[in-house]
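J.: Numbering (this note's numbering) for the sequence shown: 34 to 374. The C-beta atom is built at its ideal place from N, Cα and C for all residues, glycine as well. I am attaching a structure below and will ask some questions about it afterwards.
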Amino acid sequence: MRIIHRTDPTVEMLDWQQYLVSALRTLEDLLNYVDIDPTMPAAAQLLVDQASRDFPLLVPKPFADLIEKGNINDPLLRQVLPSGEETLAVSGYVKDPLAEKHSNITKGIIHKYQGRVLLLVTGGCAVNCRYCFRRHFDYSDNKIKQREWQEALQYVRDRPDIKEVILSGGDPLMLNDESLFALISTIEAIPHVSRLRIHTRLPVVIPQRLTTLLTNRLNSSRLHCSMVLHINHANELSPMHKSPLAELRSGGTWLLNQSVLLAGINDDVETLVELSEALFINGISPYYLHQLDAVAGAHHFQVDPALAQNLYLGLREQLPGYLVPLLVKEIANTPYKTPLV
Ligand SMILES: *Cc1c(COP(=O)(O)O)cnc(C)c1O
Ligand code: SF4
34 MRIIHRTDPT VEMLDWQQYL VSALRTLEDL LNYVDIDPTM PAAAQLLVDQ ASRDFPLLVP
94 KPFADLIEKG NINDPLLRQV LPSGEETLAV SGYVKDPLAE KHSNITKGII HKYQGRVLLL
154 VTGGCAVNCR YCFRRHFDYS DNKIKQREWQ EALQYVRDRP DIKEVILSGG DPLMLNDESL
214 FALISTIEAI PHVSRLRIHT RLPVVIPQRL TTLLTNRLNS SRLHCSMVLH INHANELSPM
274 HKSPLAELRS GGTWLLNQSV LLAGINDDVE TLVELSEALF INGISPYYLH QLDAVAGAHH
334 FQVDPALAQN LYLGLREQLP GYLVPLLVKE IANTPYKTPL V
C-alpha cells in the first residue's frame, strides 16, 4: 500500500524560511562549505565540540556565501565559528553581564530605558553569533506566544509615557509575516505609542527575509517605523541586499545599524571606514558601535577600551559626522547606553 502524504510542508515555505531550514549546523558542514579542511587535533576538537554544545553552530547559506573560500581568518567566518576559547572561564565575564533579569519586569518585556520598551518577541535567531551577549539568556522563560502578547502589551497600555516599542529577541523577524503583522496591529491600537523599532540581523544574513509583504506592512503603518540592522563588517552586504533595503527605505522606514567592536574582525580604522561607507551606499545610517559586553565565552573578541577610543577618533578624522557611529557601552543598571568618548 502506498502512503499518500497530504501536503509537503516545504512547498509552502517562502525562500527565507527554506534558508532557515537549510542552514549549516555542524562545524564540518560549515568548513566544507567554505573549502577549509575540518580536521583538527583531538584535544582542540573536544573544546570546539563543547563550545558548540553550549551554543550551537548556526549559519544560513546566504551569509556563508559571503565568506572567502579557504580563509580561516575571514571576518564573517570568525563571527560564527565556534572556538575552544569560548570554554575558558575568564574573571569578569559572566552569563548575564547586563543584569537584564532585574529589568525583566513582565514576561517578554525589558523596560530599562525611559519612553521605550524592548519586547522579546522570540528566542530564536537565524544565525548564532559567537560573541552574542544573549547567548546565555533564558529565552525559555521569556518566549512569548501570540496569546501572551496582549498581556505583555498591557504593560505598555498602562504606561502612557511609553512612546516606542522595540521588537527584539532573539530576532523578531523569525516570526512569520502573519504573526508579525498581528503583533504590529496590536501595537498600532495603543494610542500613545508612536514609534515601532525592529532590531534584527535576519535581513543581513538572509536578505530574502524582506518580503514585499513585510516592506509594505511597515511602510503603511500609522507608526513611524525604523529597523536597526546589525552588521559588523562591509563584507556582510552584497548586491542581494540593495534592492530590498532600498524599497523599505524609500517607503519611509528608517534604516540604522549597530555593530559590535570585535577583535580580529573589525578592530581597525580602515575596516570601520569601509563598513560605514558600505552602509551608506545601502541607505543605512551608522547608529551605535558597541564595546562588547563581558559575556562568558566571548572574552577573546574583546577590544581594549583605549584602542576603541583611538578607533573612534580615527573615524572622526576620516568620515563625515553622519557616518560615525556613537561608541557606547552598556553598563548594568544604567538607564541608557554610555558613550565612551
Ligand atoms: C539598547 C536598548 C534600548 C534602546 O536604546 P536606544 O538608545 O533607544 O537605541 C532600549 N532598551 C534596552 C534594554 C536596550 O538595551
Ligand atoms: S541576538 Fe543578534 S547577535 Fe545574538 S545570536 Fe542572535 S543575531 Fe546574533
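Return the first residue and the last residue of the alpha helix (DSSP H) that Glu307 is part of.
T.: Position 274 of the sequence shown, counted from the first residue, corresponds to residue 307. Val302 to Ile314 is the span of the alpha helix (DSSP H), which, as asked, contains Glu307.
J.: Under three-state DSSP, which class holds His333?
T.: On the sequence shown, residue 333 is found 300 positions in, with the first residue counted as 1. It is helical.
J.: At which residues does the beta strand (DSSP E) containing Ile231 begin and terminate?
T.: Numbered from its first residue, the sequence shown carries residue 231 at position 198. Where Ile231 is concerned, the enclosing beta strand (DSSP E) stretches over Arg228 to Thr233.
J.: Arg190: beta carbon under 7 Å from a heavy atom of ligand 1?
T.: Start at 1 with the first residue of the sequence shown, and residue 190 comes out as number 157. Outside the cutoff, so no.
J.: Taking 8 Å as the limit between beta carbons, can you name the residues of its chain near Leu131, skipping five residues before and five after?
T.: Counted from its first residue, the sequence shown places residue 131 at position 98. These residues qualify, in order along the chain: Phe166, Asp326, Glu363 and Ala365.
J.: Quick check on Ser124: buried or exposed, where buried means 16 or more other Cβ atoms within 10 Å of its Cβ?
T.: Position 91 of the sequence shown, counting from 1, holds the residue named residue 124. With fewer than 16 other Cβ atoms within 10 Å, it is exposed.
J.: Taking the beta carbon of Gln335 as the centre, do at least 16 other beta carbons fall within 10 Å, making it buried, or is it exposed?
T.: Locating residue 335 in the sequence shown gives position 302, where the first residue counts as 1. With 16 or more other Cβ atoms within 10 Å, it is buried.
J.: So, helix, strand or coil for Arg242, using DSSP?
T.: The residue you call residue 242 lines up with position 209 of the sequence shown. In this structure, Arg242 counts as helix in the three-state DSSP scheme.
J.: At 4 residues or longer, and completely inside the segment 250-302: list those alpha helix (DSSP H) runs for me, N to C.
T.: Complete alpha helix (DSSP H) runs here, min 4: 272-283.
J.: Excluding the 5 residues flanking Val357 on each side, which residues of the same chain have their C-beta closer than 8 Å to its C-beta?
T.: By 1-based counting over the sequence shown, the position of residue 357 is 324. So the list reads Ser309, Pro319, Tyr345, Leu348 and Arg349, once near-sequence residues are dropped.
J.: Extract the residue ranges of the beta strand (DSSP E) inside the segment 140-197, only unbroken runs of 3 or more that lie entirely within it.
T.: 149-155
J.: Considering only residues of the same chain and omitting the five flanking positions on each side of Pro193, which have a CB-CB separation below 6 Å?
T.: For this step, residue 193 is matched to residue 160 along the sequence shown. Result list for Pro193: His225, in chain order.
J.: Please report the straight-line C-alpha distance between Met34 and Gln241, rounded to a whole angstrom.
T.: Along the sequence shown, read from residue 1 onward, the residue named residue 34 stands at position 1. Along the sequence shown, read from residue 1 onward, the residue named residue 241 stands at position 208. With a pLDDT of only 48 at Met34, under the threshold of 50, the placement of this residue in the model should not be trusted, and no figure is reported.
J.: So Leu262 packs on Arg234, CB below 8 Å; how close in whole Å?
T.: Counting from one through the sequence shown, the residue named residue 262 turns up at place 229. Counting from one through the sequence shown, the residue named residue 234 turns up at place 201. Yes, Leu262 and Arg234 are in contact; Cβ-Cβ is about 7 Å, under 8 Å.
J.: Less than 8 Å separating the beta-carbons of Leu360 and Val374?
T.: The residue you call residue 360 lines up with position 327 of the sequence shown. The residue you call residue 374 lines up with position 341 of the sequence shown. Yes, the Cβ-Cβ distance between Leu360 and Val374 is below 8 Å.
J.: Mark Pro71 as exposed unless 16 or more other C-beta atoms lie within 10 angstroms of its C-beta, in which case mark it buried.
T.: As a position in the sequence shown, residue 71 is number 38, starting the count at 1. That one is exposed.
J.: Please determine if the segment 47-63 and the segment 87-94 are in contact, where contact requires at least 3 C-beta pairs separated by less than 8 Å.
T.: Remark: three or more beta-carbon pairs, one from each stretch, lie closer than 8 Å, so the segment 47-63 and the segment 87-94 are flagged as touching.
J.: Is Tyr126 near ligand 1, going by C-beta to nearest heavy atom under 7 Å?
T.: Here the question's residue 126 lines up with position 93 in the sequence shown. No, Cβ of Tyr126 sits at least 7 Å from all heavy atoms of ligand 1.
J.: Is the segment 253-262 touching the segment 298-305 in the sense that three or more CB pairs, one from each, lie closer than 8 Å?
T.: no
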